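So the mapping is simple: my numbering equals the position in the sequence shown, first residue as 1, plus 439. We treat Cβ as the ideally placed atom computed from N, Cα and C, and that holds for glycine. All figures in this text were calculated on a predicted structure; none of them were measured in a lab. In what follows, a structure is listed as structure tokens, so that the remarks can point back to it.
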Amino acid sequence: MADLRKFKSQRDIQMGLIACLKNKRFNEVTVNDICTQALVGRSTFYHHYADKYALLEEMVTQRVDVFDRLLDQRVAGITEDQPLLVLYRQLEGDAGAITCLLQIHEKDGDLSDRYLNSLARHARTLFPKVTLAIPQGFALELYSTTALTAISWALRHGEPEAISHFMNQLMKLVLNTEA
């Protein structure tokens, strides 16, 4: 029973932060604001988190863990446009929180930076061993930033099929730039 209460309190507090971020920037949000939105007392908040930065860090870490697991689950039998589409479909249930958190750039709570690092790390293992006219580091950064843009845009606006197809075509162009 205690674990269920803990889970519900943490969920409510996290949802409270997301609700606050719809009207204020992170640096303007107070613990009181979060508690009011979450319908919890300050003592409950501080029982779970040291401060709003610890809350943010936990929320970002949770989403990066899910993101990394989804990237690791990419299977070889997936058709060309599907990897990004599958990733999007798995993330769309948490789209509101993800899009809010992508706007925050705090030292230990930067979801955008952590997603970029994950995308680059996973792309490094997926890129074929080809000679490119551009440095591999540039190709990795280009892929990571455009993939993150595609994911975040699709989470905010939809049309993941068209975006996934475009990204696949873009990466084919990049990888076919042999010297």
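Quick check on I517: buried or exposed, where buried means 16 or more other Cβ atoms within 10 Å of its Cβ? With a pLDDT of 46 at I517, under the threshold of 50, the modelled position of this residue cannot be trusted; read the value that follows with caution. So I517 counts as exposed.
With respect to 6 Å, is the separation between the Cβ of Y582 and the closest non-hydrogen atom of the ligand ADP below this value? The ligand ADP is not part of this structure, which contains no ligands at all.
Using a threshold of 7 Å, state whether the C-beta atoms of V479 and D451 are closer than that. yes
What is the residue span of the alpha helix (DSSP H) that T535 lies within? Note that residue 535 is Gly in the sequence shown here, rather than Thr. If you look at G535, you'll find it in the alpha helix (DSSP H) that goes 534 to 540.
Give the DSSP-derived three-state secondary structure of E598 in the structure shown. DSSP, reduced to helix, strand and coil, places E598 outside both helices and strands of the structure shown, so it counts as coil.
Using a Cβ-Cβ cut-off of 7 Å (strictly less than) and excluding sequence neighbours within five positions of T427, which residues of its own chain qualify? The displayed coordinates of the chain run from 440 to 618. Any statement about residue 427 would go beyond what the structure contains.
Thinking C-alpha only, which one of L523, N556, D547 is nearest A601? L523
For a quick check, are the C-beta atoms of R553 and V503 less than 7 Å apart? yes
For G548, write down the residues that DSSP places opposite it in a beta bridge. E545
Hey, would you say L495 sits closer than 7 Å to G548, going by beta carbons? yes
Taking N556 as the reference, give the member of A534, G576, H544, S583 with the closest Cα. Distance check between N556 and each of A534, G576, H544, S583 places S583 closest, using alpha-carbon atoms only.
V470 lies in the alpha helix (DSSP H); which residues open and close that run? 470 to 477
As assigned by DSSP and simplified to three states, the class of I621: As displayed, the chain neither begins before 440 nor continues past 618, which places residue 621 out of reach and without an answer.
Since L460 and V470 are thought to touch, with beta carbons under 8 Å apart, how far apart are those beta carbons, to the nearest angstrom? Their Cβ separation, rounded to whole angstroms, is 14 Å, which puts L460 and V470 out of contact at 8 Å.
Please list, in chain order, all residues of the same chain as D511 whose beta carbon is under 8 Å from its beta carbon, the five residues on each side excluded. H561
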